[in-house]
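Below: one structure, written as C-alpha coordinates.
Here you go:
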(Lines of atoms letter the chains of each structure in order from A and count residues from 1; the text may use other names and numbers.)
(Lines give C-alpha, C1' and ligand atoms only; values in the text may rest on other atoms or scores of the structure.)
Protein backbone atom coordinates (compact mmCIF):
# COMPACT_ATOMS: atom_id res chain seq x y z
CA UNK A 1 0.00 0.00 0.00
CA UNK A 2 2.85 2.41 0.73
CA UNK A 3 4.08 2.15 -2.86
CA UNK A 4 0.59 2.91 -4.15
CA UNK A 5 0.33 5.95 -1.90
CA UNK A 6 3.70 7.30 -3.05
CA UNK A 7 2.61 6.76 -6.66
CA UNK A 8 -0.78 8.50 -6.45
CA UNK A 9 0.52 11.38 -4.33
CA UNK A 10 3.92 12.03 -5.89
CA UNK A 11 4.48 9.88 -8.96
CA UNK A 12 1.86 11.44 -11.20
CA UNK A 13 0.67 14.90 -12.07
CA UNK A 14 -2.18 15.91 -9.80
CA UNK A 15 -0.75 14.42 -6.64
CA UNK A 16 -1.14 17.71 -4.75
CA UNK A 17 -4.86 17.83 -5.51
CA UNK A 18 -5.27 14.18 -4.54
CA UNK A 19 -3.56 14.95 -1.23
CA UNK A 20 -5.99 17.82 -0.64
CA UNK A 21 -8.92 15.53 -1.42
CA UNK A 22 -7.65 12.87 0.99
CA UNK A 23 -7.21 15.37 3.81
CA UNK A 24 -10.71 16.69 3.23
CA UNK A 25 -12.47 13.34 3.20
CA UNK A 26 -10.39 12.10 6.13
CA UNK A 27 -11.98 14.91 8.12
CA UNK A 28 -15.50 14.01 6.91
CA UNK A 29 -16.80 12.00 3.93
CA UNK A 30 -18.18 14.22 1.16
CA UNK A 31 -19.61 13.91 -2.33
CA UNK A 32 -17.78 15.13 -5.43
CA UNK A 33 -19.71 18.39 -5.62
CA UNK A 34 -18.94 19.24 -2.00
CA UNK A 35 -15.26 18.48 -2.59
CA UNK A 36 -15.19 20.66 -5.71
CA UNK A 37 -16.73 23.58 -3.85
CA UNK A 38 -14.62 23.23 -0.72
CA UNK A 39 -11.35 22.82 -2.61
CA UNK A 40 -12.20 25.35 -5.34
CA UNK A 41 -11.62 22.77 -8.09
CA UNK A 42 -13.61 21.94 -11.19
CA UNK A 43 -16.13 19.13 -10.62
CA UNK A 44 -14.68 17.04 -13.47
CA UNK A 45 -11.19 17.45 -12.03
CA UNK A 46 -12.38 16.19 -8.66
CA UNK A 47 -14.13 13.22 -10.30
CA UNK A 48 -10.95 12.35 -12.20
CA UNK A 49 -8.86 12.38 -9.03
CA UNK A 50 -11.49 10.36 -7.15
CA UNK A 51 -11.43 7.77 -9.95
CA UNK A 52 -7.63 7.51 -9.66
CA UNK A 53 -7.90 7.10 -5.89
CA UNK A 54 -10.66 4.48 -6.24
CA UNK A 55 -8.73 2.56 -8.91
CA UNK A 56 -5.77 2.40 -6.53
CA UNK A 57 -7.79 1.29 -3.49
CA UNK A 58 -7.29 4.49 -1.51
CA UNK A 59 -10.87 5.79 -1.59
CA UNK A 60 -14.26 4.11 -1.89
CA UNK A 61 -17.70 5.48 -2.53
CA UNK A 62 -20.92 4.83 -0.71
CA UNK A 63 -24.26 5.39 -2.42
CA UNK A 64 -25.38 5.92 -5.99
CA UNK A 65 -23.30 7.74 -8.60
CA UNK A 66 -24.92 11.17 -8.33
CA UNK A 67 -25.01 11.49 -4.57
CA UNK A 68 -22.17 9.12 -3.74
CA UNK A 69 -20.15 10.01 -0.69
CA UNK A 70 -16.42 9.30 -0.82
CA UNK A 71 -14.42 8.00 2.12
CA UNK A 72 -11.05 6.44 2.82
CA UNK A 73 -10.77 2.69 2.47
CA UNK A 74 -9.88 0.74 5.60
CA UNK A 75 -6.40 0.17 4.13
CA UNK A 76 -5.86 3.89 3.57
CA UNK A 77 -7.11 4.69 7.08
CA UNK A 78 -4.70 2.12 8.46
CA UNK A 79 -1.86 3.83 6.56
CA UNK A 80 -2.90 7.40 7.39
CA UNK A 81 0.47 8.10 9.05
CA UNK A 82 2.17 7.23 5.77
CA UNK A 83 -0.20 9.53 3.87
CA UNK A 84 0.62 12.38 6.26
CA UNK A 85 4.34 11.67 5.92
CA UNK A 86 4.12 11.80 2.11
CA UNK A 87 2.08 15.00 2.16
CA UNK A 88 4.55 16.64 4.56
CA UNK A 89 7.47 15.67 2.37
CA UNK A 90 5.97 17.11 -0.82
CA UNK A 91 4.50 20.28 0.75
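In the numbering used here, the protein residues as written are 1 to 91.
Note that beta-carbon positions come from the ideal geometry of N, C-alpha and C, so glycine has one too.
These numbers were taken from a predicted model, which means no experiment stands behind them.
- Annotated as proximal: residue 69 and residue 62, with beta-carbon spacing under 7 Å.
- Going by DSSP, residue 70 is part of the beta strand (DSSP E) stretching over 69 to 72.
- Contact check for residue 59 and residue 25: beta-carbon distance about 7 Å, within the 8 Å limit, so the pair qualifies.
- Per DSSP, reduced to three states, the secondary structure at residue 59 is strand.
- Rounded to whole angstroms, the gap between the alpha carbons of residue 14 and residue 49 is 8 Å.
- The C-beta of residue 90 has fewer than 16 other C-beta atoms within 10 Å across all chains shown, which makes the residue exposed.
- Assignment of residue 30 by DSSP, reduced to helix, strand and coil, places it in the strand class.
- Excluding sequence positions up to five before and after residue 67, its CB lies within less than 8 Å of the CB of 31, all in the same chain and listed in chain order.
- The DSSP-derived three-state label of residue 13 is coil.
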